[in-house]
């Protein structure tokens, strides 16, 4: 995936970050990107070219549900929220991530 | 995992039908993002720059939601539907001709399915086998039930065995879980619930129900215990009997039912649609074989000479069929020694029994149905050729559209696929319509050929097999007529196709013309077949039966089943005869043991004292046991001697009248009158010679026949057929005849009431039906070919408008233009005839057996078929030819 390389994010990682972000409640795509960027202190920049295909893929898999609402500045926006399946998915992915990053850390610090 | 996949599939499918909404949503979502970003960055162009390729994102997301290939197919489908809707005339013509072509095939196949293929409604029908004997030569003294028939291998096979042989098979054969036997009980006289009527049943071995695999709906089935000597007499009735005679009264269990004068207790009712192992045969009751002496007195159980039982078996699960057959074949020859039947090289054949025993309707309809399947196959081929030429013309007319699509980047494969989807839509619509047509015609057709009531005993419902056949036909048809034109049309050069649109540059229709010739060739096959069938029918109609068929009423009485015996029986029949003769309007009444032209025949062997025969040769003649003045009553002219009379009774010397064929073959150089011959132990003297008359069927040559007094018939006398000669229309005395019989004894069943003419019509019903169907199919074929020829000629004329205009302007007269176009059309037809004629001459040989009085290469029939085809073709080409000759050269040339 070309785009994944550009953002410096592995595709699976972006999925996980999106899922994690949505545990805070329903959000539209722009807010999700902003949140990830801010929380990571501008280290992780989410490209739209990767974000929207990811959101739609997650929706098709049934991990996200989407509905149309009105944003703070009165515009029509598509809000994504986590489904029960998405929550389960997030749990297993963060487990995986924790194991993987822990292992990497151990190797690096040995 | 599965759930995820399901969710995705469902969402995608939903998206498929909301494609526009989805696109709008995607647009909005990205626009919203862009707007938010613009607010933050300050300017929209900057935001857009930072955003990257919007169209790319949109495409990526849209692809996520699509169904891939299926979606493209869906697009093709919708596009094709739109196109077809835009040319309704083409669509209607195409669907209608396909509906007729496919419908005719569905009709005939579903008849084949109903009569020949459908499994019986029993447990595991695939385990059932029909046991047949095979031999190089076989002759019998007493054989009935499943008739013998020749096999392609040159052997004869037959399905009836004697009870002692069956018993050995049952007790000693390996590989069968059950070997069971049955024989039809026709016209049993029944008294049940206070009513007397006749019914048809089966006498079955005790293991029949278990082996055949039927359960009882009510009560129980028959068991081997019921078949032991001395067991209490019991019977099981079928569902249709229960409905008709007992109005579904559950109290029928335990009731007493009188069959041919002895009582049985009803112990069970069979489920609906179960009639027995002979498809379509009427069955009201089952009784164990142990009831034989009372119910089938003509077939003694222990006799080695009487072969009357049909045998079927159920293979053990996992058993080797070859071993099962071999075990029977080892048992068979030694059993023949005792039976005194002449069978050479006796063997055993097992046939698939899932669709029942191979008798009756299955044999009668097999050939005609297969023949018709060939005919409707030809019709469908013609419809395909027709459609292909229509599509070719349409493809030529659509060159501009196709060129445009190629120019904007549609691949050739994509074009072909879309055109094929179009063909598929047409053929599926045709198949749907054809299925409906076929289904409604099927029941009507069946009731035309089967005796009243028999249709209901066939399972005529459209089943998966018929549906699969129709669907497969639709797919094959679509490929057959669609593939060529699709490739042809897709081979369009965008530059050339777009440059101009005039008909002048439209391609020639060489393939289309070839297709027209092919249609003509195929039509010729069908026309020749139909012509031969028609000649056959006319020939049968014009056969001289040798007796007077008008003013003759027939009915059948069976006093034997009502308990009359020997002298009593003769007395009873004689009383009926006198009563009937006394009815006003009746001029004479006689009787015979077989009715004429009913397909039945009884043949007896005899010897001539003092004559030495070659080894293997034996004399036999058709035999009819008749009442007084039979020849006079039937109108068979007497040539020598006297007619049979009341004085030829059991105490008088045995007498016979013989026909000319008998006299010619047996006593070629002598005066036959007064000669004697010997049947069994009695000498019979010839007292008269009469003209030849038809016996079993009109299409059979008259064979040596003897007429003998029924009072002198040895052995048990059974049912008799009465012939009532009337001065008034025969049916006008029917009710009086019926009353006369009921007055004498209301327990004697009176059946088969019909005029001799109706009897003859019935005997040729299959030929008549075959002629009608074949004729209709041929008419359909000619019509389709005419439409095809018209289409191609109209196209040619349109393409050559300019050329014709120039010709006319240069002074060609209109007649020569007309002739030019007609000549071109007739050339196509001539090419078709040139191919079709030799093919038809070769193929009609296959139906030789179905013909009567006409050779398969009958020149008159073929000439007629060719002439008819030429006339229809000329008429079809006349319209475009005339249009061409009427063209105005001035306007034409100005347009171009």
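Chains as they are written, first to last, in the working numbering: chain A, 3 to 112; chain B, 4 to 899.
Each residue gets a CB set at the ideal place from its N, CA and C atoms; glycine is no exception.
Since the model is a prediction, treat every value here as computed from it, not as a measurement.
How far does the beta strand (DSSP E) with residue i in it extend, from its first residue to its last?
| i | result |
| --- | --- |
| residue 355 of chain B | 350-355 |
| residue 201 of chain B | 198-207 |
| residue 755 of chain B | 753-758 |
| residue 769 of chain B | Where residue 769 of chain B is concerned, there is no enclosing beta strand (DSSP E), although the alpha helix (DSSP H) it sits in stretches over 768-802. |
| residue 137 of chain B | 131-138 |
| residue 160 of chain B | 159-161 |
| residue 561 of chain B | No beta strand (DSSP E) holds residue 561 of chain B; DSSP gives it neither H nor E. |
| residue 710 of chain B | 708-712 |
Note down, in chain order, each residue of its chain lying with its Cβ closer than 6 Å to the Cβ of residue i, except the 5 sequence neighbours on either side.
| i | result |
| --- | --- |
| residue 282 of chain B | 359 |
| residue 285 of chain B | 203 |
| residue 207 of chain B | 185 and 289 |
| residue 7 of chain A | Because residue 7 of chain A sits at a pLDDT of 39, beneath the cut-off of 50, its placement in the model cannot be relied upon, and the following sentence gives the value as read from the coordinates. Excluding positions up to five away in sequence, the list is empty. |
| residue 427 of chain B | 481 |
| residue 548 of chain B | 697 |
| residue 876 of chain B | 792 and 832 |
| residue 559 of chain B | 722, 724, 754 and 755 |
| residue 376 of chain B | 111 |
Please list the terminal residues of the continuous alpha helix (DSSP H) segment that includes residue i.
| i | result |
| --- | --- |
| residue 36 of chain B | 22-44 |
| residue 539 of chain B | 513-544 |
| residue 943 of chain B | Since the displayed chain B opens at 4 and closes at 899, residue 943 of chain B lies outside it and no answer follows. |
| residue 347 of chain B | Segment 345-347 is the beta strand (DSSP E) holding residue 347 of chain B; no alpha helix (DSSP H) there. |
| residue 703 of chain B | First-last for residue 703 of chain B: undefined, no H or E at that position. |
Have a look at the DSSP bridge pairing and note the partners of residue i.
| i | result |
| --- | --- |
| residue 594 of chain B | B/725 |
| residue 80 of chain A | A/70 |
| residue 693 of chain B | B/641 and B/662 |
| residue 195 of chain B | B/198 |
| residue 269 of chain B | B/238 |
| residue 630 of chain B | Looking at the DSSP assignment, residue 630 of chain B forms no beta bridge with any residue, so it has no partner. |
| residue 685 of chain B | B/682 |
| residue 291 of chain B | B/207 |
On the CB-based measure, 16 or more other CB atoms within 10 Å of its CB, does residue i come out buried or exposed?
| i | result |
| --- | --- |
| residue 915 of chain B | Lying before the first or after the last residue shown, residue 915 of chain B is absent from chain B, which here runs from 4 to 899. |
| residue 601 of chain B | buried |
| residue 347 of chain B | exposed |
| residue 799 of chain B | buried |
| residue 507 of chain B | Here the model assigns residue 507 of chain B a pLDDT of 49, short of 50, so the residue's position is not dependable, and the following value carries that caveat. Its Cβ having fewer than 16 others within 10 Å, residue 507 of chain B is exposed. |
| residue 173 of chain B | buried |
| residue 105 of chain A | exposed |
| residue 496 of chain B | exposed |
| residue 882 of chain B | exposed |
| residue 235 of chain B | exposed |
| residue 866 of chain B | exposed |
| residue 637 of chain B | buried |
| residue 39 of chain B | buried |
| residue 70 of chain A | exposed |
Determine the closest residue to residue i out of the options, with distance taken between C-alpha atoms.
| i | options | result |
| --- | --- | --- |
| residue 751 of chain B | B/32, B/561, B/134 and B/80 | B/561 |
| residue 292 of chain B | B/312, B/285, B/275 and B/712 | B/312 |
| residue 60 of chain B | A/50, A/24, A/88 and A/97 | A/50 |
| residue 575 of chain B | B/588, B/768, B/770 and B/594 | B/594 |
| residue 23 of chain A | A/32, A/38 and A/110 | A/38 |
| residue 812 of chain B | B/700, B/892, B/65 and B/654 | B/892 |
| residue 515 of chain B | B/95, B/195 and B/832 | B/832 |
| residue 904 of chain B | B/565, B/554 and B/796 | Here chain B covers residues 4 to 899 and nothing more, so residue 904 of chain B does not appear. |
| residue 247 of chain B | B/200, B/24, B/192 and B/227 | B/200 |
| residue 386 of chain B | B/86, B/429 and B/336 | B/429 |
| residue 85 of chain A | B/68, B/153, B/10 and B/528 | B/10 |
In chain order, what residues of the same chain have a beta carbon less than 8 Å from the beta carbon of residue i, not counting five sequence neighbours either side?
| i | result |
| --- | --- |
| residue 255 of chain B | 221, 240, 245, 249, 269 and 272 |
| residue 612 of chain B | 679, 680, 681 and 686 |
| residue 4 of chain A | At residue 4 of chain A, the pLDDT of 36 sits below 50, so the modelled position is not reliable and the matter cannot be decided from this model. |
Can you list, in chain order, the residues of its chain whose CB lies under 7 Å from that of residue i, leaving out five sequence neighbours each side?
| i | result |
| --- | --- |
| residue 212 of chain B | 224 and 225 |
| residue 108 of chain A | none |
| residue 124 of chain B | 276 and 277 |
| residue 10 of chain A | Note that residue 10 of chain A scores 47 on pLDDT, short of 50, meaning its location in the model is unreliable and no value can be drawn from it. |
| residue 408 of chain B | 418 |
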